[in-house]
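**Q**
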Amino acid sequence: MAATFFNFRRRTTSVLTALLFFAVLAFGATDPWAFAVVACTVFLLAAAWTARILRHPYQTAFSWFYVPLAVVAVVGLIQMTLDRTASRYRTAGELGWWLVYCAFFALLLNVLSDISLRRDVQRRLAYLGGLVSVVAIAQWVFSPQAAYGFRRAPGADIFGPFVDVENFAFLVELVFPSALLLAFRDSERKLSLFASCTAMVAAVGVSGSLVGQGLLALEFVITLLAATYLAARTMSRRTWRPQALLTALGATAIAVVLFVGLSADVRERLTQGFEPVDTPGVFVLTRGDVLRTSWQLFQQQPALGHGLGAFGPAFSSAVPRQDGFHWEHGHTDPVELAVEIGLAGILAQALMLALILVAARGRDLRAWVGLVLPLTVAWGHSWIRSPLRIPALVLVALTVLALLAARSDSGARTASQA
3 MAATFFNFRR RTTSVLTALL FFAVLAFGAT DPWAFAVVAC TVFLLAAAWT ARILRHPYQT
63 AFSWFYVPLA VVAVVGLIQM TLDRTASRYR TAGELGWWLV YCAFFALLLN VLSDISLRRD
123 VQRRLAYLGG LVSVVAIAQW VFSPQAAYGF RRAPGADIFG PFVDVENFAF LVELVFPSAL
183 LLAFRDSERK LSLFASCTAM VAAVGVSGSL VGQGLLALEF VITLLAATYL AARTMSRRTW
243 RPQALLTALG ATAIAVVLFV GLSADVRERL TQGFEPVDTP GVFVLTRGDV LRTSWQLFQQ
303 QPALGHGLGA FGPAFSSAVP RQDGFHWEHG HTDPVELAVE IGLAGILAQA LMLALILVAA
363 RGRDLRAWVG LVLPLTVAWG HSWIRSPLRI PALVLVALTV LALLAARSDS GARTASQA
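Residue 3 is where the sequence shown starts when you use the working numbering, and the numbers rise one by one after that.
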C-alpha cells in the first residue's frame with residue numbers, strides 16, 4: 003500500500019512540475035486560457051487527492067505557511083462579500099488565482115515529504131531555468147520585438163516568454179542557487195546542470211536587467227563560496243583545489259557580467275524607470291509619485307484595503323493628474339498588496355518572512371543557500387517591480403517555499419525504497 007501511494011505522489015509531482023513548465027512558457031500564465039488550464043489541472047488533482055484520502059486515510063501534511071496564503075484569500079473573499087473593492091471583477095479574478103495558489107502549495111507540500119521527490123523537483127526547477135534562458139536568448143537574438151516570434155507587446159521590454167526582463171530575472175533568482183548547488187553534488191547530471199546554470203547567467207547578462215544582474219551576482223558569489231566550503235569539509239586537499247579554482251573563475255565571470263551590465267545603454271534603460279518620460283501631451287508619473295499616492299490610498303482604507311487585484315482602478319481614482327494614462331501596478335509588490343488588502347497584506351508578508359526563518363532554523367547550509375537565499379532575494383526584488391503579479395512566478399516561488407517547508411516522514415522513505 004505504501005509503495006502504491008508513493009507512486010501516486012510521484013505521478014502528482016510529475017503533473018505539478020509539468021504544469022510549472024507550461025505556466026512559465028505560456029507567457030507566465032497571464033492569459034485567461036492559461037489560467038483555465040492551470041486552475042482546472044490543480045483543482046482536478048486536489049479532487050483526486052481528496053477521493054484517494056477518503057478511500058485510504060492518509061495523514062496530510064500541515065504547515066504554518068498555509069496561514070499567510072489563506073489570509074490573503076480570506077480577505078479577498080470578505081471584500082467580495084461586503085462589496086469593499088474598487089473592482090469586483092478584478093478581485094474575483096485575483097481571488098481565483100489565490101485559491102489556485104493555496105491548492106497548489108498544499109499538493110506540493112504533501113508530495114514532497116519524500117526526499118527523492120524533493121530532489122526530482124529541484125532538478126526540474128534547474129532545467130526549467132536553463133530551458134527558459136535558452137528560449138530567452140534565442141528570442142533576444144532572432145525576434146527581439148516578439149515572444150516566440152509572434153506575440154507582440156507594444157511598449158514592453160519582452161524577454162523570453164515574459165513581457166518584462168525583470169520577470170525573467172526574478173525566475174532565475176528563484177532557481178539559480180539550488181541549481182548550482184545541485185551541479186556540484188550530482189555526479190550523474192553534472193554537465194547538464196552546469197549547462198543550465200551557464201545559460202541562466204548568460205541570459206541575465208544579456209537581458210539588460212541591472213537589478214537582476216546585481217542580485218544574480220550576489221547569489222552566484224554566496225553559492226560558490228558555500229559550495230567551496232562544503233567541498234572543503236568533505237573532500238581531500240587534492241580534490242578540493244579544483245573547486246577553489248572554479249570559485250575564482252566564477253567570481254571573474256560575475257565581474258565581467260557586472261561590467262557589461264553597467265554599460266551606458268543599461269544605465270539609460272534603468273533611469274527611464276525612475277524619471278518622467280518626455281512625451282508631448284502625455285504625463286507619466288515617477289516612482290515617487292506612485293509611492294506617495296499608494297500611501298494615501300492605504301491611509302484611506304487601512305483595514306480591508308481597496309480590493310484584492312484592484313490596485314489599478316483604486317490608483318486611477320486618486321492619481322494626481324488625469325490624462326488618460328493608467329498605472330495598473332505599483333511596481334512594488336509589498337506596497338501594492340498593502341493598498342489592496344490593507345494591514346492584512348503587511349501582516350501576511352511579515353508572517354511569511356518569519357516562518358521562512360523558523361523553517362530554516364536548524365537546517366544545513368544547503369537549505370539556507372539553496373532555498374532561503376532565493377526567497378529572500380526574490381522578495382527584495384519585488385520591492386522595485388511587480389513580479390508576483392505574474393502567476394507562473396508565484397507558482398515557482400511556492401515550489402521553492404514548499405521545498406523548504408517539506409519534512410520527511412519514515413513512511414515516505416520506506417515507500418520510495420520499496
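C-beta: ideal position from N, C-alpha, C; glycine also.
All of these numbers come straight from a predicted model, not from anything done at the bench.
Got a sec, what are the start and stop residues for the alpha helix (DSSP H) P393 sits in?
**A** DSSP places P393 in the uninterrupted alpha helix (DSSP H) bounded by 393-407.
**Q** Are the CB atoms of L119 and L22 nearer to each other than 8 Å?
**A** no
**Q** Following the continuous alpha helix (DSSP H) through R294, name the residue where it begins and the one where it ends.
**A** 289-302
**Q** Could you have a look at A149 and say whether DSSP puts it in helix, strand or coil?
**A** strand
**Q** In the DSSP assignment, the alpha helix (DSSP H) including D116 goes from what residue to what residue?
**A** That residue, D116, is in no alpha helix (DSSP H); it is neither H nor E in DSSP.
**Q** Excluding five sequence neighbours on each side, which residues of the same chain lie with their C-beta closer than 7 Å to the C-beta of D267?
**A** Interpretation of D267 is limited by its pLDDT of 47, a score under 50 that renders its predicted location unreliable; the figure taken from the coordinates is listed afterwards. If we look at D267 and ignore the five residues flanking it on each side, it has no Cβ neighbours.
**Q** Using 10 angstroms around the beta-carbon of F152, count the other beta-carbons present and answer buried if the total reaches 16, otherwise exposed.
**A** exposed
**Q** For A408, collect the residues of the same chain with a Cβ closer than 7 Å to its Cβ; drop the 5 residues on either side in sequence, then sort them by chain order.
**A** L111, L114, S115, R120
**Q** Evaluate contact between the segment 64-76 and the segment 370-383, counting only Cβ atoms and requiring at least three cross-stretch pairs below 8 Å.
**A** With a cut-off of 8 Å, the segment 370-383 and the segment 64-76 do not count as touching, because too few Cβ pairs lie within range.
**Q** For the alpha helix (DSSP H) that contains D335, what are its first and last residues?
**A** 335-343
**Q** Measure the beta-carbon distance from F29 to A149 and round it to whole angstroms, keeping in mind my assumption that it falls under 8 Å.
**A** 7 Å
**Q** For A414, is the classification buried or exposed, using 16 other Cβ atoms within 10 angstroms of its Cβ as the cut-off for buried?
**A** Because the pLDDT at A414 is just 40, under 50, the model does not fix this residue reliably, and the value given afterwards should be weighed accordingly. The residue in question, A414, is buried, as its Cβ has 16 or more Cβ neighbours within 10 Å.
**Q** Out of A50, P70, V26, point me to the one whose CA is closest to L109's CA.
**A** A50
**Q** Grouping DSSP H, G and I as helix and E and B as strand, with all else coil, what is R154?
**A** strand
**Q** Between the C-alpha atoms of Q303 and G344, what's the straight-line distance to the nearest angstrom?
**A** 7 Å
**Q** Can you tell me which of R92, W142, W385 puts its alpha carbon nearest to the alpha carbon of D335?
**A** W385
**Q** DSSP has F164 in a bridge; who is on the other side?
**A** F161
**Q** How many angstroms separate the CA atom of V102 from the CA atom of V26?
**A** 15 Å
**Q** To the nearest angstrom, report how far apart G1 and S180 are at their CA atoms.
**A** The question about residue 1 has no answer here: the residues shown for the chain are numbered 3 through 420.
**Q** Helix, strand or coil: how does DSSP classify T230 here?
**A** Correct three-state label for T230: helix.
**Q** In this structure, how does DSSP classify V371 when only helix, strand and coil are distinguished?
**A** Reduced to three states, the DSSP call for V371 is helix.
**Q** With burial defined as no fewer than 16 other Cβ atoms inside 10 Å of the residue's Cβ, what is the status of G290: buried or exposed?
**A** exposed
**Q** In three-state terms, what does DSSP make of P59?
**A** coil
**Q** Would P393 and A31 be called neighbours here (beta carbons separated by less than 8 Å)?
**A** yes
**Q** Over the uninterrupted alpha helix (DSSP H) stretch that includes L193, give me the two end residues.
**A** 192-209
**Q** Could you pull the start and end residues of the alpha helix (DSSP H) that G332 belongs to?
**A** For G332, no alpha helix (DSSP H) run applies, since DSSP gives it neither H nor E.
**Q** Assuming T93 contacts L310 (C-beta within less than 8 Å), just tell me the rounded distance between them.
**A** 5 Å
**Q** Over what stretch of residues does the alpha helix (DSSP H) that includes T317 continue unbroken?
**A** What sits at residue 317 in the sequence shown is Phe, not Thr. Counting along the chain, the alpha helix (DSSP H) containing F317 begins and ends at 313-320.
**Q** Give the secondary structure of W385 by DSSP, where H, G and I count as helix, E and B as strand, and everything else as coil.
**A** DSSP places W385 in coil when its eight states are reduced to three.
**Q** How many angstroms separate the CA atom of L71 from the CA atom of A204?
**A** 34 Å
**Q** Between the alpha carbons of S194 and F45, how many angstroms are there, rounded?
**A** 33 Å
**Q** From the DSSP output, in three-state form, read off G2 for me.
**A** Residue 2 is absent from the model: the chain starts at 3 and stops at 420.
**Q** Is it buried or exposed for A404, if we count other Cβ within 10 angstroms and need 16 for buried?
**A** buried
**Q** With a threshold of 16 other CB atoms inside 10 Å of the CB of H58, please say whether the residue is buried or exposed.
**A** exposed
**Q** Exposed or buried, which one is L176 when buried takes at least 16 other CB atoms within 10 Å?
**A** buried
**Q** List the endpoints of the continuous alpha helix (DSSP H) containing L79.
**A** 68-84
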